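Residue numbers (UniProt numbering), protein chains in the order written: chain A, 1 to 125; chain B, 1 to 125; chain C, 1 to 125.
Glycine included, every Cβ here is placed at the ideal spot set by N, Cα and C.
Small disclaimer: the values here were computed from a predicted structure and weren't measured.
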Amino acid sequence: MYEVCVATSFEAAHRLVGDFGPASRLHGHTYRLEVVVRGERLREDGTLYDIGALQEAVDGIAASLHYRNLDEVPGLSGANTTAEVVASHCWESLAPGLRGRGLSSLTVRIWENPDVYAACEGALE
Amino acid sequence: MYEVCVATSFEAAHRLVGDFGPASRLHGHTYRLEVVVRGERLREDGTLYDIGALQEAVDGIAASLHYRNLDEVPGLSGANTTAEVVASHCWESLAPGLRGRGLSSLTVRIWENPDVYAACEGALE
Amino acid sequence: MYEVCVATSFEAAHRLVGDFGPASRLHGHTYRLEVVVRGERLREDGTLYDIGALQEAVDGIAASLHYRNLDEVPGLSGANTTAEVVASHCWESLAPGLRGRGLSSLTVRIWENPDVYAACEGALE
Numbered sequence: 001m002y003e004v005c006v007a008t009s010f011e012a013a014h015r016l017v018g019d020f021g022p023a024s025r026l027h028g029h030t031y032r033l034e035v036v037v038r039g040e041r042l043r044e045d046g047t048l049y050d051i052g053a054l055q056e057a058v059d060g061i062a063a064s065l066h067y068r069n070l071d072e073v074p075g076l077s078g079a080n081t082t083a084e085v086v087a088s089h090c091w092e093s094l095a096p097g098l099r100g101r102g103l104s105s106l107t108v109r110i111w112e113n114p115d116v117y118a119a120c121e122g123a124l125e
Numbered sequence: 001m002y003e004v005c006v007a008t009s010f011e012a013a014h015r016l017v018g019d020f021g022p023a024s025r026l027h028g029h030t031y032r033l034e035v036v037v038r039g040e041r042l043r044e045d046g047t048l049y050d051i052g053a054l055q056e057a058v059d060g061i062a063a064s065l066h067y068r069n070l071d072e073v074p075g076l077s078g079a080n081t082t083a084e085v086v087a088s089h090c091w092e093s094l095a096p097g098l099r100g101r102g103l104s105s106l107t108v109r110i111w112e113n114p115d116v117y118a119a120c121e122g123a124l125e
Numbered sequence: 001m002y003e004v005c006v007a008t009s010f011e012a013a014h015r016l017v018g019d020f021g022p023a024s025r026l027h028g029h030t031y032r033l034e035v036v037v038r039g040e041r042l043r044e045d046g047t048l049y050d051i052g053a054l055q056e057a058v059d060g061i062a063a064s065l066h067y068r069n070l071d072e073v074p075g076l077s078g079a080n081t082t083a084e085v086v087a088s089h090c091w092e093s094l095a096p097g098l099r100g101r102g103l104s105s106l107t108v109r110i111w112e113n114p115d116v117y118a119a120c121e122g123a124l125e
């Protein structure tokens, strides 16, 4: 099994709704976004998936969240913007462009800081 | 599948018993402890498991090992305190408080330094 | 399930053949090589596999690639030296020495930089 991962970061604000102590105050993080695709076989050019193309997709998602209040981003507003929900949002945004390319699964990891992450993983086919 | 990870660090001494070269001398590490829980579904509040609650549990284990000789810690004394055994000890300490909460598995990773870790993974239900 | 990981780094040049934009120019990376072995049970001495022995094997592979043009390294020349192919090359080099020791699988992760990796995973028995 092969795996390719591309990471980037974005800066965003959010607040949680519910009994989350200080996290229910408006605050923010330097998020790290890690995107991993998996598959069984390499293509003839020795790639599982072109890292440059994956990087473009990942940069696109990061740009849509960068220097924003996540609670107001289309697709997230109305939801509780936990790291799990942000990871799931990125997963849903990335998956359509990755289907039908011989990849078996996609994982999105959202680090809120170097000591905390949430991840969302699912099959691509 | 969702995953939440919380990490922290602790400083401890230990020595290995057996044919482990310099590791059989009393020495120590700045350990990094990473704790990962997994589950299939998010709760209504958008969390798999409250990160604050996980952090408290992880900090509790780390505090029980911080600035100690691992070879003298209850639950570890008498064992060979390899990174695998320390990970297993943390797994056993954390698992009871995480059962029955919709989580499917728990992984504990013990980094002895930024280039070496051992991990212990097991089902929670 | 237990896991042990040892990492190191090496500096090497390479170029990709094909439609890879700037990556088809001769360039290089400070690669990080992470090697992970997995198994079900610890031995009596509390190890899954001796970390010192794994470190020696990993250092050996890294030394064979360090300060080289990967496109000229035996076993890689003629291939497109993508991170996936380099990971696969390291996997093939390491696996024979790890078989028959109670380990179930081996993963090799090749980081081209702190934001990009490819990994190769396979069963050891």
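- Task: Measuring alpha carbon to alpha carbon, tell me which of Thr81/C, Phe20/C, Cys5/C and His29/C ends up nearest Trp111/C.
- Result: His29/C
- Message: So, under 8 Å CB-CB, His89/A and Phe10/A are touching, yes? Tell me the CB distance rounded to an integer number of Å.
- Response: That belief does not hold up - the Cβ atoms of His89/A and Phe10/A are roughly 13 Å apart, past 8 Å.
- Message: Less than 8 Å between CB atoms is the rule here; does Cys120/A satisfy it with respect to chain B?
- Response: yes
- Given Thr2/B, which residues of its chain have a CB within under 8 Å of its CB, disregarding the five upstream and five downstream residues? Note on identity: in this sequence residue 2/B is Tyr, with Thr being the wrong assignment. Correct list, in chain order: Arg38, Gly39, Glu40, Arg41, Leu42 and Leu48.
- Item | Under 8 Å between C-beta atoms of residue 169/C and Val108/C | Here chain C comprises residues numbered 1 to 125, so residue 169/C is not present and cannot be evaluated.
- Can you grab the Cα-Cα spacing for the pair Phe20/C / Ile51/A, in whole Å? 9 Å
- Query: Whose C-alpha, out of Arg68/C, Val58/C and Glu44/C, is nearest the C-alpha of Ala13/C?
  - Reply: Arg68/C
- Item | Reference Val116/C, options Ala87/C, Ser93/C, Leu103/C and Glu125/C, closest by Cα | Ala87/C
- Item | Strand pairing of Cys5/C, partner residues [DSSP] | Tyr117/B and Val36/C
- Message: For chain C, check one thing: does any of its Cβ atoms lie closer than 8 Å to the Cβ of Ala7/B?
- Response: no
- Bridge partners of Leu106/C, per DSSP? Val37/C and Gly122/C
- Task: Would you list, in chain order, the members of the region 83-95 of chain B that have their beta-carbon closer than 8 Å to a beta-carbon of chain C?
- Result: Ala83, Glu84, Val85, Ala87 and Ser88
- Would you please verify whether the beta carbon of Ile51/A is less than 8 Å from any beta carbon of chain C? yes
- Item | Nonlocal neighbours in the same chain, by C-beta distance under 7 Å from Ala119/B, ignoring five residues either side | Ala87, Thr107, Val108 and Arg109
- Query: How far does the alpha helix (DSSP H) with Asp59/B in it reach, from first residue to last?
  - Reply: Ile51 to Leu65
- Item | Continuous alpha helix (DSSP H) stretch holding Ala95/A: start and end | Ala83 to Leu98
- Rounded straight-line distance, which links the Cα of Ser93/B to that of Pro74/B: 12 Å
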